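K.L.:
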Amino acid sequence: MKVGIVVFPGSNCDHDAWYAVSANLRHDAEFIWHDSASLGGVDAVILPGGFSYGDYLRCGAIAKFSPVMRAVKEFAQAGGPVLGICNGFQVLTEAGLLPGALVRNANLKFVCRTVGVEIVSPDSPFTRKARRGQHLQLPVAHGEGCYIADEATLRQLESEDRISLRYVDNPNGSLRGIAGILNAQRNVMGMMPHPERAADPLMGSTDGLVILSSLIESSSNSKAPLKVQALAS
Amino acid sequence: MSAITPDVIAAHQLTPPEYEKIVSLLGREPSLTELGIFSVMWSEHCSYKSSRVHLKKLPTESSRVLQGPGENAGIIDIGGGVAIAFKIESHNHPSFIEPFQGAATGVGGILRDIFTMGARPIAVMDSIRFGKLDDPKTGSRNRRIFEGVVSGIAHYGNCFGVPTVGGECVFEESYDGNPLVNVFALGVFRHDEIFYGKATGVGNPVIYVGAKTGRDGIHGASMASAEFTDQSKQKRPNVQVGDPFLEKLLLEACLEAMRTGAIVGIQDMGAAGLTSSTCEMGSRAGTGVEIELARVPQRETGMTPYEMMLSESQERMLLVAQRGREQEVFDVFRKWGLDAVEIGVVTSDGMLRVKHHGQVFAEIPNRALADEAPRYQRPYTKPLRTAPLHGPTIASSGLAADLKALLASGDICSKRWVWQQYDHQVRTNTIAGPGFDAAIIRIKETNTSVAMSLDGNGRYCALDPREGTKLMVAECCRNLSVMGALPIATTNNLNFGNPERPEIMAQIVESVEGLAEACRFFEVPVTGGNVSLYNETLGAPIFPTPVVGIVGTLETASPASNVFLAPGRPVILLGGLGEADWDHLGGAQYGKVIVRSLWGRPPKLDMQYEKRVHSAIRELVRGRVVESAHDIGDGGLAVALAECCFGASQVGADITLDSGLPPELLLFHEGPSRVLVSTAAPEKVLAVAGKNNIQAIQIGVTLESRVVIRNRNEALIDCPVAELNELWTHALERLLQTTVPA
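Have a look at this one:
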């Protein structure tokens, strides 16, 4: 079981995701450089936070053209789990793997703080270890995290149970309080909060582990029990 | 080429004697390009010509210091084969002209100082000072500058991917029209990863990497030269524009290129980019550097050698590689999509030789530029002082109202509005971030963490630069000790007015001597820093405002709480009630916010006692004997007590004091050497205090949701925590929403 973490020029939470998977959860993780045409046989992909390509034009707009994204699309179409965190979520919407868009926060300011997030749907490889309605404390850190989509899309997301995470106290004006969504096949999730920043007791919360360990468990072919020590309940 | 007239010399801010020295060093008249080069290298900013003779008084050594002043940043050993590099820099003037870019490029510059040494930046802090936000005349401008500076810092740091973990933020009339933006950065590396800015190895290629050179940031003074205005009538921006994305790429590429082993020396292009990097690298190595400007990547056409040498375009570095291995370096930079061009060669003749299309435009001994800069023993008298020695008679009209006003004042209120715009968590090392007495960053590679704090106090220093500076060092070390850290080293930023005025020069001298005395006493050697002079507003100097950044080390562990956690816990005042009289209240926040005046003396400091308080609180926090610990600083005991109540559960306290002091002094004086703790084991706290020979008074217990303070039988304050917390939390938003009546 190996997690691939894509590194775009300007990614800056790549190492944090790597550390959470490899040091906090003790699973294999490796970096995948943006101009790589192959994912090198990984079992799950994380698109980390940061400012890919400087977020020029729009957040995530240039990253979608990078060679690695073609491979990520194929991986997703084949059913492989792909988790986009923060800038990774923005890349997924720009690449058309998820509907809607992320725009400037309602108050026009970057916001970095820990917010309450509710698990709306545990029916995904990323949330399966959580309970429906469970509250997590997760950090957000973004200037463009306000999720928008047209009314029909929002209704579809709701009716298909594809809103996976919702803010308890909405920090950015996202419609319907959306913090994370799934694609129709439920194997691609984008979320603005940072689970990798809540993966170590020293960082004040380990609530993010429920997301990351769900991903790992879902991606493990073997049914061997997880070597997870500090799971949040 | 036009003749060098006295006007041209004056426009380059060189004095006639300085010009004569240039002529005698060269043995001839300089060319205009050479004059430009001298003007930057001999500027106050690069040469420290007014301050250098005094900076020599600072202690710079300890067993941990691997690199003291003189390099891009100081380096301290923190054990386990790991070291930290850290430094502070000012970007005051650019931040006034263009707040967003001025502050952003301030962050960019200090980050390059850190990674040019091979260290990966892991934390940034900012000390920022502005005019008052609610001033009827200047408030709207101050708000614009403040908001611009904060978003500039956020923009650069967030995108680069370094957490901004703390700092200080002050509003004072003195900084109207002259904001102070001091940025501190800290990086980490292994001992064998340290790089220096030295151009060693005759024949080695000199390589330019990073952004292209444009006309931005060319020194304003140089615009006035006759030839220059003929060539470019257009006004060029004096403030550089930063690109944090490019800097992030430059960071990763430089660190990766360093790992190839093909790099022998590297330096960032800071002030006067190409000029300072070439001559300083040559001077440090005792070599010469010859460059061909036609090879320099350029953003604009038709740039003259003068413009290229003086350009301050951001995100550029100069490095020297081993001859024969340059391709390894080029490959790394190509991978990151960055320019890397061989522009010259290391020579044996000690000269900086600048050619453009083969023609020599400058030929100056490196030493003349870097080491022969004039040093002035500027005359000084007594420090400028406008404040009276005695203040008005004080009788509070309501102590609770005073406390509320202090909590809602700009300096004391919550700075959440500021730090929520900063990514303070990226890299997942922030164990204690904004809002704590000091920030703590863990080093993942070892079991060590680094604590850091920035402190300044213009009011104290305006009253007494020497004592004010000592108090500031004491407070900074106290902040670290409260977090359980042992202070180990200092960087400093000296922000003052015009040193050519003897009473301002006296402030500088007194302050530097105070800094030297305190840093020696607290065993925190100074490993570098920055001097920013000529900070004046319409002829009125700013308060003398030295700022120190002190770092400390501790074992990696969860931090002590800075707020009360549970009701029913004894509250102990470590260090005692302190001494104060009315004269010593004049520099305090009570003088500023309630009396609206400045007078008297800064608080009295007993450094011996202070140091004993540090060791006591460090022992208590490290041993987990206390449940919470918070330094008493701005606003005194009552403000510190209220701040201890502003945790998530808003636990209050019931306090009874026993003092003969008038209540205004008792509650609000800012006597140092004091820490407020709550504990489940009061007898252990008292024992540790006794062992360290300091006072410790149990002054009450925590309780749910109210702050009650009385002295003997007199009730002083009784307020719901929620009410105080609301004022404190939202004050800054309210100040920013101030509308000035038309």
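Those protein sequences? They're chains A and B, same order as listed.
Position in the first sequence counted from 1, then plus 362, gives you my numbering.
Position in the second sequence counted from 1, then plus 98, gives you my numbering.
Note that CB positions come from ideal geometry on N, CA and C, so glycine has one too.
If you're wondering where the values come from, they're calculated on a predicted model, not measured in any experiment.
On the CB-based measure, 16 or more other CB atoms within 10 Å of its CB, does residue 446 (chain B) come out buried or exposed?
P.N.:
When all chains shown are included, residue 446 (chain B) counts as exposed.
K.L.:
Starting from the beta carbon of residue 521 (chain B), find every residue of chain A whose beta carbon is closer than 7 Å, and list them in chain order.
P.N.:
Residues of chain A passing the Cβ test: 474, 503.
K.L.:
Given a cut-off of 7 Å on the beta-carbon distance, is the pair residue 372 (chain A) and residue 415 (chain A) in contact?
P.N.:
Against a cut-off of 7 Å, the Cβ pair of residue 415 (chain A) and residue 372 (chain A) comes out as a contact.
K.L.:
Can you tell me whether residue 529 (chain A) is helix, strand or coil according to DSSP?
P.N.:
Strand.
K.L.:
Give the DSSP bridge partners of residue 479 (chain A), in chain order.
P.N.:
In the DSSP output, where bridge partners are listed per residue, residue 479 (chain A) has A:498, A:529.
K.L.:
For residue 352 (chain B) and chain A, any beta-carbon pair shorter than 7 Å?
P.N.:
False, the Cβ-Cβ gap to chain A never drops below 7 Å.
K.L.:
Counting only Cβ-Cβ distances shorter than 7 Å, please list the residues of the region 521–538 of chain B near chain A, keeping chain order.
P.N.:
From the region 521–538 of chain B, only 521, 522, 523, 524, 525, 526, 529 have a Cβ closer than 7 Å to chain A.
K.L.:
When you compare each of B:156, B:449, B:474 to residue 113 (chain B) by their alpha carbons, which one comes out closest?
P.N.:
Minimum Cα distance to residue 113 (chain B) is reached at B:474.
K.L.:
In the DSSP output, what is residue 390 (chain A) paired with across the bridge?
P.N.:
Beta-bridge pairing links residue 390 (chain A) to A:364.
K.L.:
Could you spell out the range, first to last residue, of the beta strand (DSSP E) harbouring residue 188 (chain B)?
P.N.:
Residues 180–188.
K.L.:
Looking at the C-beta of residue 702 (chain B), does it have a partner C-beta in chain A at a distance below 7 Å?
P.N.:
For residue 702 (chain B), the answer is no, since every Cβ of chain A falls outside 7 Å of its Cβ.
K.L.:
Comparing alpha-carbon positions, which option in B:516, B:810, B:555, B:812 lies nearest residue 223 (chain B)?
P.N.:
Nearest of B:516, B:810, B:555, B:812 to residue 223 (chain B), Cα basis: B:516.
K.L.:
Tell whether a beta-carbon distance below 7 Å holds between residue 288 (chain B) and residue 430 (chain B).
P.N.:
Contact flag unset, no.
K.L.:
Is residue 448 (chain A) near the ligand FAD, with its Cβ less than 6 Å from a heavy atom?
P.N.:
Because no ligand of any kind appears in the structure shown, any question about the ligand FAD cannot be addressed here.
K.L.:
For the alpha helix (DSSP H) containing residue 712 (chain B), name the first residue and the last one.
P.N.:
705–720 is the extent of the alpha helix (DSSP H) around residue 712 (chain B).
K.L.:
Can you tell me where the alpha helix (DSSP H) holding residue 432 (chain A) begins and where it ends?
P.N.:
429–439 is the extent of the alpha helix (DSSP H) around residue 432 (chain A).
K.L.:
Cβ of residue 370 (chain A) less than 7 Å from any chain B Cβ?
P.N.:
No, its Cβ sits nowhere closer than 7 Å to a Cβ of chain B.
K.L.:
Can you say whether residue 434 (chain B) is buried or exposed, counting buried as having 16 or more other CB atoms within 10 angstroms of its CB?
P.N.:
That one is buried.
K.L.:
Using the three-state DSSP reduction, which class does residue 474 (chain B) fall into: helix, strand or coil?
P.N.:
Residue 474 (chain B) falls in the coil class under three-state DSSP.
K.L.:
To the nearest angstrom, how far is the alpha carbon of residue 859 (chain B) from that of residue 744 (chain B)?
P.N.:
Missing from the structure shown is residue 859 (chain B); chain B here goes from 99 to 840 and no further.
K.L.:
Below 8 Å on the Cβ atoms is my guess for residue 270 (chain B) versus residue 662 (chain B); work out the distance and round it to an integer in Å.
P.N.:
Residue 270 (chain B) to residue 662 (chain B), Cβ: 31 Å. No contact.
K.L.:
Can you check which of these residues, B:367, B:812, B:830, B:276, is closest to residue 759 (chain B) by C-alpha distance?
P.N.:
When each option's Cα is compared against that of residue 759 (chain B), the closest is B:812.
K.L.:
Is the number of C-beta pairs between the region 220–237 of chain B and the region 358–368 of chain B that are closer than 8 Å three or more?
P.N.:
The region 220–237 of chain B, when compared against the region 358–368 of chain B, does not touch it at the 8 Å Cβ threshold.
K.L.:
Within 7 Å (strictly less), CB to CB, does residue 217 (chain B) reach chain A?
P.N.:
No, its Cβ sits nowhere closer than 7 Å to a Cβ of chain A.
K.L.:
Please name the residue or residues paired with residue 841 (chain B) in a DSSP beta bridge.
P.N.:
The question about residue 841 (chain B) has no answer, for chain B in this structure spans 99 to 840.
K.L.:
Can you give me the Cβ contacts of residue 665 (chain B) inside the same chain, cut-off strictly under 7 Å, excluding the 5 residues immediately before and after it?
P.N.:
Excluding sequence neighbours, residue 665 (chain B) sits near 749, 800, 801, 802.
K.L.:
Comparing C-alpha positions only, which one of A:568, A:504, A:575, A:579 sits nearest to residue 541 (chain A)?
P.N.:
The candidate whose alpha carbon is nearest that of residue 541 (chain A) is A:504.
K.L.:
Please list, in chain order, the chain A residues whose beta carbon lies closer than 8 Å to that of residue 596 (chain B).
P.N.:
Ordered by position in chain A, no residue passes the 8 Å Cβ test against residue 596 (chain B), which lies about 37 Å from the chain.
K.L.:
Run through DSSP, which three-state label would residue 146 (chain B) get?
P.N.:
Residue 146 (chain B) falls in the coil class under three-state DSSP.
K.L.:
Using the C-alpha atoms, what's the distance from residue 437 (chain B) back to residue 149 (chain B)?
P.N.:
Looking at the two C-alpha atoms, the distance is approximately 37 Å.
K.L.:
Residue 469 (chain A) CB to nearest chain B CB: under 7 Å?
P.N.:
By this cut-off, residue 469 (chain A) is not an interface position.
K.L.:
Taking only three categories from DSSP, how would you classify residue 195 (chain B)?
P.N.:
Note: residue 195 (chain B) maps to helix in three-state DSSP.
K.L.:
Does the CB of residue 565 (chain A) have a neighbour CB from chain B at under 7 Å?
P.N.:
Taking Cβ atoms only, chain B reaches closer than 7 Å to residue 565 (chain A), which makes this a yes.
K.L.:
Please decide whether residue 256 (chain B) counts as near chain A, where near means a Cβ-Cβ distance under 7 Å.
P.N.:
It does: the Cβ of residue 256 (chain B) has a partner Cβ on chain A nearer than 7 Å.
K.L.:
Taking the alpha-carbon of residue 490 (chain B) as reference, which of B:676, B:410, B:593, B:682 has the nearest alpha-carbon?
P.N.:
Closest option to residue 490 (chain B), Cα to Cα, is B:682.
K.L.:
Can you name the residues of chain E whose CB is closer than 7 Å to the CB of residue 466 (chain A)?
P.N.:
The structure shown contains no chain E; its protein chains are A and B.
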